[in-house]
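Taking the numbering used here, the leading residue of the sequence shown gets 19, the next gets one more, and so forth. Heads up, the beta-carbon is just placed ideally off N, CA and C, and yes, glycines get one too. Note that the coordinates shown come from a computational prediction; the quantities given were computed from them, not determined experimentally. Structure record follows, encoded as structure tokens.
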Amino acid sequence: MSQAADLKAVFNGDLVLPGDSDYTESIARWAKNAERKARYVTFPKDTEAVSAIVRWAVANKVPLAVKGGGHSASGASSSEDGLVIDLSRYLNQVTVSEDKQVLYVGGGALWKDVDQTGADNGVATPGGTVNHTGVGGLILGGGYGFLSGEHGLVVDNLVETTVVLADGRIVTASETSEPELFWALRGGGGNFGVVTQFVLKCYPQRPTVYAGLLIYSGDKLKEVVEVARRWHKTASPKEGALLIATRGPGRQPVVIFNAFYNGTEAEGREKYKEFIAVGPIADHTGEVPITVINTFQNPVAVHGRYTYMTGTAQEEAKSEIAVAAFQKVIETSEDGTFDSAFGLEFFPHGKISSVPLDATAFPARKSQVGVLVMARWDADGTEYADTAKKITMVRDAYAIKGIFVEGEGSHANPADTERGYSNYASDETLPTSTTKKLFQGNYPRLQKIKHQYDPSNVFNRWWGIEPVAA
Ligand SMILES: Cc1cc2nc3c(=O)[nH]c(=O)nc-3n(C[C@H](O)[C@H](O)[C@H](O)COP(=O)(O)OP(=O)(O)OC[C@H]3O[C@@H](n4cnc5c(N)ncnc54)[C@H](O)[C@@H]3O)c2cc1C
């Protein structure tokens, strides 16, 4: 029996091999540079099938990767010549409990499924701001979005998980069952097993909210950031916003302010009146269904382009740094080589920072404003099609002291600061020194848990954690 036939025989689900008509589609990722040529792509139908695949891969010494929504630009959910466990085809169901207190979310679901099921039942839970992102990676790395001001991080709303461990055992992890594993899963990433189901707390949610885009000419950036800095200090938990500085139609520099208020349009306009007073060139805000809030960025966050992104956080927005970063956006996108963007994320932070740093593995609770840069491009057959070279160009461009670099670093690496957001890291692997910095005081505990649940480092992609005996 061939190795492929042997694998196929052990699990319930689909196996796609190089040369199959759906192979290219099966290894596709949101970021083109995250694609790898896997030897086996598996689509398990249930948790037992995931367990069988993990056992088979370990027994046959075939490296494995787990794919949720496939949005990490790092390639962490892909495997060159290895095996991929892709949860997105079958383990993607979302249902609500009878009492509407929790959502049962498949490990391969997308946020749009969560948003829709919630809305159909009059409830919601915090999730990602781009609704085609996967739940898996986003939850395991912490996760935040427009509802985080009110309800906290996604991991703060996680009540239970079903996990396939490195030895194939299926366990439930919660505060009362495998509590150490549960602690690690809330921020420690895909280092501990394959999560086939997340159980998320949900909350009564009105069907419509105030949300949408205020679009300004690029020269208004300083003013808008100043307003945002003041507003953010007193914003209520029901508010939250994203600011993106980029080139818009006709490649003109624009500032896009994505506003959100969990209430009526009249209340929302009052909350954001200072932003409206700055004078946007277009006001596309209004009262919209709750399911729409995580769609405003979708038109630019399209699948299949090469991408480098990186993210960190600051205590407060600094307009001079925003202006310097915007200058880089303009420069790096001058000749059309890149589409580039600088972003600030303003989610009222009281709820997030009320959770002690050691209550979950997620380490970055102190800083208030998320900061990110993103550059995207297409393979064009020119010298710039060289991915590594392009990534270096972008990293060098954004090595701006005060945001992505502390001290005399030369590259923009989010985890080189203690405020980095691991989920935005585009590097395929991060050195241990960087992972240590990222997880700060939580790193030694993660190492012990890693040793207990995955001593031979089967789940070893992305920001790895070195197992250490207790
Ligand atoms: C357009 C865009 C918008 C974003 N917006 C936000 C945002 O609003 N808020 C936010 O917090 N983050 C955001 N992110 C970052 C996002 O959290 C990460 O990219 C995350 O990794 C995406 O999860 P995924 O399942 O789609 O990724 P994948 O590439 O599938 O997986 C990423 C990592 O998680 C692991 N993994 C995935 N699912 C599972 C599982 N079920 N069990 C075990 N391991 C698993 C993979 O093995 C891999 O290591 C955004 C990213 C993009 C590209």
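message: Quick check for students: name the residue ranges of the alpha helix (DSSP H) that lie wholly in the segment 221–268, counting only runs of 4 or more.
response: 239–252
- request: Starting from the Cα of Val76, find the closest Cα among Val486, Glu484, Asn475 and give me that residue.
  value: Asn475
query: Rounded to whole angstroms, how far is the Cβ of Leu121 from the Cβ of Gly136, which I believe are closer than 8 Å?
result: 6 Å
- request: Output the boundary residues of the beta strand (DSSP E) element that contains Lys302.
  value: It should be pointed out that residue 302 corresponds to His in this sequence rather than to Lys. His302 -> beta strand (DSSP E) spans 300–307.
field: C-alpha gap between Gly361 and Gly87, whole angstroms
entry: 22 Å
field: Any non-hydrogen atom of ligand 1 closer than 8 Å to Leu158 Cβ
entry: yes
task: State the DSSP-derived secondary structure class of Phe457, mapped to helix, strand or coil.
output: helix
- request: Just tell me which of Ile418, Val212, Glu257 has its CA closest to the CA of Ala70.
  value: Val212
message: Using only the alpha-carbon positions, how far apart do Leu261 and Asp174 sit?
response: 25 Å
field: Extent of the continuous beta strand (DSSP E) run through Ile188
entry: 188–192
Which listed residue (Leu165, Pro267, Val182) has its alpha carbon closest to that of Gln504: Only positions 19 to 488 of the chain appear in this structure, which leaves residue 504 out of reach.
- prompt: Looking only at C-alpha atoms, which of Gly286, Thr330, Val296, Pro271 sits nearest to Val347?
  reply: Pro271
- prompt: Alpha carbon to alpha carbon, what distance is there between Ala127 and Val34?
  reply: 20 Å
- prompt: Looking at Thr151 and ligand 1, is the gap between the Cβ and the nearest heavy atom below 8 Å?
  reply: yes
Same chain, Cβ closer than 6 Å to Tyr41, five either side skipped, listed in chain order: Val34
task: Name the residue from Tyr471, Ala488, Ala487 whose alpha carbon lies nearest to the alpha carbon of Gly208.
output: Tyr471
- prompt: To the nearest angstrom, how far is it from the Cα of Arg323 to the Cα of Ala488?
  reply: 43 Å
field: For Tyr326: DSSP bridge partner residues
entry: Ala393
- request: Can you have a look at Gln21 and say buried or exposed, based on whether 16 or more other CB atoms are within 10 angstroms of its CB?
  value: exposed
- request: Taking Asn460 as the reference, give the member of Ala397, Pro381, Trp395, Ala393 with the closest Cα.
  value: Pro381
- prompt: With 16 other CB atoms within 10 Å as the buried threshold, where does Asn316 fall?
  reply: exposed
- request: Taking Lys50 as the reference, give the member of Val320, Trp129, Lys63, Ile467 with the closest Cα.
  value: Val320
query: Does the separation of the CB atoms of Lys384 and Ser371 fall below 9 Å?
result: yes
task: Would you please state the rounded distance, in angstroms, between the beta carbons of Thr65 and Val182? I believe it to be under 8 Å.
output: 6 Å
- request: Return the chain-ordered list of same chain residues with a C-beta closer than 8 Å to the C-beta of Gln369, the five sequence neighbours on each side being excluded.
  value: Sequence check: residue 369 is Lys here, not Gln. For Lys369, where only same-chain residues beyond five positions count, the Cβ hits under 8 Å are Ser166, Gly167, Glu168, His169, Gly170, Asp174, Pro255.
- request: Please determine, among Ser97, His89, Ser90, the residue with the shortest C-alpha to C-alpha distance to Ala83.
  value: Ser97
- prompt: Would you call the CB atoms of Val242 and Tyr279 closer than 9 Å?
  reply: no
query: When every heavy atom of ligand 1 is checked, does at least one fall within less than 8 Å of the C-beta of Ser44?
result: no
query: Cβ of Ser115 versus every heavy atom of ligand 1: is any distance shorter than 8 Å?
result: no
field: Cutoff 7 Å; reference Thr350; Cβ partners in own chain excluding five residues on either side
entry: Phe356, Ser358, Ala393, Val412, Ala415
query: Are Ile45 and Val28 touching if we call contact CB-CB under 9 Å?
result: no
- prompt: Going straight from the alpha carbon of Leu231 to that of Phe293, what length do you get?
  reply: 11 Å
- request: Compute the Euclidean distance between the alpha carbons of Leu156 and Asp396, then round it to the nearest angstrom.
  value: 25 Å
message: By the DSSP assignment, the beta strand (DSSP E) with Ala33 in it spans what residues?
response: Here residue 33 turns out to be Leu, not Ala, going by the sequence shown. Here the beta strand (DSSP E) through Leu33 covers 31–34.
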